[in-house]
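*Asks:* This note's numbering numbers the first residue of the sequence shown as 6 and each following residue consecutively.
Right, I'll just put the structure down here and ask away after.
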Amino acid sequence: MGSKSTLYAPCPPLPNVQELVRTDPFQVPETYIRNEEDIAKDADLCPHLSSEVPIIDFSLLSKGHKEELRKLDQACKEWGFFQVVNHGVATEVTKGLKNAAEKFFELPLEDKNKIAMPPNDIQGYGHSHVDHKVLDWSDKLVLVVYPHQYRKPDVWPPTPFKEAIETYSSELRRVGEQLLGSLSLIMGMEKDTLLGLHQELVQPLSVAYYPQCSMPDKALGLSAHSDKGSLGIVMQEDDVTGLQIKHRGKWVPIEPISDAFVVNVGDIIEIWSNGKYKSIEHRVVTNESKARISYSTFYLPHQNVEIEPLNQMVLESPGSQPLYKKVMYGDYLKQTKKMRSEGKAHVIEVAKIAT
C-alpha cells in the first residue's frame, strides 16, 4: 500500500481548528462557511426520527439469532445505519481510549505536530480529505491499524494513547468481522464469505476532534458523504450529539446511547448487495457549547480487489440484472475522490450501470 497509497490523498497544510478556537473563540474564517444550499438543508432536520433508528443486540446476532438477523436485514435495507448494543467490548477499553484521546488533544500544538501527517499521506495528526472548497471544522488523528505492515510508526502517538488504540482496535476487529459474518448470512452465503472477498481486511481508525463553534449554523464538522469501504463503526460521546444521517430526504440526528456503537453500510456493501443495502450520506454538525470527539473505525477491501454485485443478490433484484459494473477498489477510490472535489456528496453513482 505504501506511503502513496490510493487509499488516501495528500493533504496541504491547513490551520489547526482547535488552535483557531483557543486564539479567538468567536472567529470562523470564511473558508469554513457553508454556502446557502447547505444551510437550507438544515430546514430538513427531523430529530423526532432519532428514536426510530434501529438498535440491534450484538450478542444475539453473533449467535445467529433469526430475529436479530431479520432486524439487521431491515436496518441495512431501510436505514443503512443502526446502533449495536451488548457488543462485548469492555467499558474500560472504550473509556481507556476516550481518556487517552482527551489528553492527547489537550497537548500543546507543537507536541501534537510531532506526529503530523506527512505531505504524501493521510496517516498522522492533521486534516483529511480536504479536497472540497469549504473546510471541515475538525482536527483528526488517522491511523491504519491493520494489517500491521501498513502502519506508520512515526505518526503513532506515544503511550498510553498508543496502547489504548491497540486494545480498542483489536476488539473492533472482532466486532467488524462478526458483523461481516452476519451480513454474509443474510445475503444467503457462508458466514466467512464477505470477509474472504476483502482478500485483506484493512482497518483504519480516525479520531476526530470537533471544537465548539460560534457559528454552528454556518460550519460543518464533517461534510456530507458516504463511506467508501464496506462498513464503518463509530463510538460517539455519551452526552454530545453531532452525527446526522440522510433518511428519506431528511437529516436525522443519531442520539448517543451509552455503551453502543453506531454502524453504517459503506459503498462496497451496496455494490456487493446490488443495491439492496444502502450506503447513506451522513455528516457531523457543530455546536456552540462543547467540543466533541468521535472514534471511527472503517473496514476496507484490499485495493486490488474487483468489486461487483454478487450473483445471488443479482438474482434477487427486479429483472435479475446487475445495477453496478465491476470496479477495482483502488480505482473506485480515485474516481470517487475526484467527484467529491466537484462537490458531490454521494458518489457511488460512478459504479452504477447507465440505464
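Glycine included, each C-beta is placed from N, C-alpha and C at the ideal position.
From a predicted model like this one, the values you see are computed outputs, not experimental measurements.
With DSSP as the reference, label residue 154 as helix, strand or coil.
*Replies:* Within the sequence shown, the letter at position 149 stands for residue 154. DSSP places residue 154 in helix when its eight states are reduced to three.
*Asks:* So does the stretch 327–346 actually touch the stretch 250–260, counting three or more Cβ pairs closer than 8 Å?
*Replies:* Result no; under three Cβ-Cβ pairs closer than 8 Å.
*Asks:* Can you give the Cα-Cα distance for residue 149 and residue 107, rounded to whole angstroms?
*Replies:* Walking along the sequence shown from the start, residue 149 turns up at place 144. Walking along the sequence shown from the start, residue 107 turns up at place 102. If I take the Cα positions, the gap works out to 20 Å.
*Asks:* Cβ of residue 270 within 8 Å of Cβ of residue 81?
*Replies:* Walking along the sequence shown from the start, residue 270 turns up at place 265. Walking along the sequence shown from the start, residue 81 turns up at place 76. Cβ distance < 8 Å, so residue 270 and residue 81 count as in contact.
*Asks:* Excluding the 5 residues flanking residue 26 on each side, which residues of the same chain have their C-beta closer than 6 Å to its C-beta?
*Replies:* Within the sequence shown, the letter at position 21 stands for residue 26. 216.
*Asks:* Three or more C-beta pairs closer than 8 Å, one from the stretch 103–117 and one from the stretch 179–189: is that the case here?
*Replies:* Contact between the stretch 103–117 and the stretch 179–189 is absent, because fewer than three Cβ pairs lie under 8 Å.
*Asks:* Considering only residues of the same chain and omitting the five flanking positions on each side of residue 77, which have a CB-CB separation below 7 Å?
*Replies:* Numbered from 1 along the sequence shown, position 72 holds the residue referred to as residue 77. Answer for residue 77: 61, 66, 187 and 191, listed in chain order.
*Asks:* For residue 131, count neighbouring C-beta atoms within 10 Å of its own C-beta (all shown protein chains included) and say buried if the count is 16 or more, exposed if not.
*Replies:* One-based indexing of the sequence shown puts residue 131 at position 126. Under this definition residue 131 is a buried residue.
*Asks:* Please state whether the Cβ-Cβ distance between residue 288 and residue 356 is less than 8 Å.
*Replies:* As a working note, residue 288 is residue 283 in the sequence shown. As a working note, residue 356 is residue 351 in the sequence shown. For residue 288 and residue 356, no; Cβs fall outside 8 Å.
*Asks:* Tell me which residues share the same chain as residue 37 and place their Cβ nearer than 6 Å to its Cβ, disregarding the 5 neighbours each side in the sequence.
*Replies:* Residue mapping note: residue 37 aligns to position 32 of the sequence shown, counting from 1. 140, 142 and 224.
*Asks:* Straight-line CA distance for residue 227 to residue 39?
*Replies:* In the sequence shown, the residue the question calls residue 227 occupies position 222. In the sequence shown, the residue the question calls residue 39 occupies position 34. Distance between the alpha carbons of residue 227 and residue 39: 11 Å.
*Asks:* In terms of residue numbering, what span does the alpha helix (DSSP H) encompassing residue 122 cover?
*Replies:* Counting from one through the sequence shown, the residue named residue 122 turns up at place 117. Where residue 122 is concerned, there is no enclosing alpha helix (DSSP H), given that its DSSP letter is neither H nor E.
*Asks:* What's the gap between the Cα of residue 319 and the Cα of residue 105?
*Replies:* Within the sequence shown, residue 319 is the residue found at index 314, counting from 1. Within the sequence shown, residue 105 is the residue found at index 100, counting from 1. Going by the C-alpha atoms only, they are around 46 Å apart.
*Asks:* Go ahead and pull the three-state DSSP assignment for residue 340.
*Replies:* Start at 1 with the first residue of the sequence shown, and residue 340 comes out as number 335. Residue 340: helix per DSSP, three-state reduction.
*Asks:* Nearest by alpha-carbon distance to residue 3: which of 19, 85 and 69 is it?
*Replies:* The structure shown has nothing for residue 3, since the chain only spans 6 to 360.
*Asks:* The beta strand (DSSP E) with residue 88 in it runs from where to where?
*Replies:* For the purposes of this step, residue 88 is taken as the residue at position 83 of the sequence shown. Note, residue 88: beta strand (DSSP E), 86–90.
*Asks:* Can you give me the Cβ contacts of residue 89 inside the same chain, cut-off strictly under 7 Å, excluding the 5 residues immediately before and after it?
*Replies:* As a first step, residue 89 must be located in the sequence shown, where it is residue number 84. The residues are 61, 63, 265, 266 and 268.
*Asks:* Which residue marks the beginning of the beta strand (DSSP E) containing residue 62, and which one marks its end?
*Replies:* One-based indexing of the sequence shown puts residue 62 at position 57. Looking at the DSSP string, the run of the beta strand (DSSP E) that includes residue 62 is 60–62.
*Asks:* Would you identify the three-state DSSP class for residue 359, choosing helix, strand or coil?
*Replies:* As a first step, residue 359 must be located in the sequence shown, where it is residue number 354. Looking at residue 359 - three-state DSSP - the assignment turns out to be coil, as it is neither helix nor strand.
*Asks:* Three-state secondary structure (DSSP) at residue 192?
*Replies:* The residue labelled residue 192 in the question sits at position 187 within the sequence shown. Here residue 192 sits in coil by DSSP.
*Asks:* Could you check what DSSP says for residue 290 in three-state terms: helix, strand or coil?
*Replies:* Within the sequence shown, residue 290 is the residue found at index 285, counting from 1. Note: residue 290 maps to strand in three-state DSSP.
*Asks:* Of all the options 233, 174, 203 and 247, which has the alpha carbon lying nearest to the alpha carbon of residue 339?
*Replies:* Position 334 of the sequence shown, counted from the first residue, corresponds to residue 339. It is 233 whose Cα lies nearest to the Cα of residue 339.
*Asks:* Opposite residue 297 in the DSSP bridges: which residues?
*Replies:* To locate residue 297, count along the sequence shown from 1; it is residue 292. DSSP lists 215 as partners of residue 297.
*Asks:* Determine the extent of the alpha helix (DSSP H) in which residue 201 is found, giving its start and end residues.
*Replies:* Along the sequence shown, one-based indexing puts residue 201 at 196. It spans 198–202 - the alpha helix (DSSP H) in which residue 201 sits, taken as one unbroken run.
*Asks:* Taking the continuous beta strand (DSSP E) assigned at residue 109, which residues delimit it?
*Replies:* Taking the sequence shown and counting its residues from 1, the one referred to as residue 109 is at position 104. Premise fails: residue 109 lies in the alpha helix (DSSP H), 96–111, not in any beta strand (DSSP E).
*Asks:* How big is the Cα-Cα spacing for residue 206 and residue 200?
*Replies:* Position 201 of the sequence shown, counted from the first residue, corresponds to residue 206. Position 195 of the sequence shown, counted from the first residue, corresponds to residue 200. Each residue's alpha carbon lies about 7 Å from the other.
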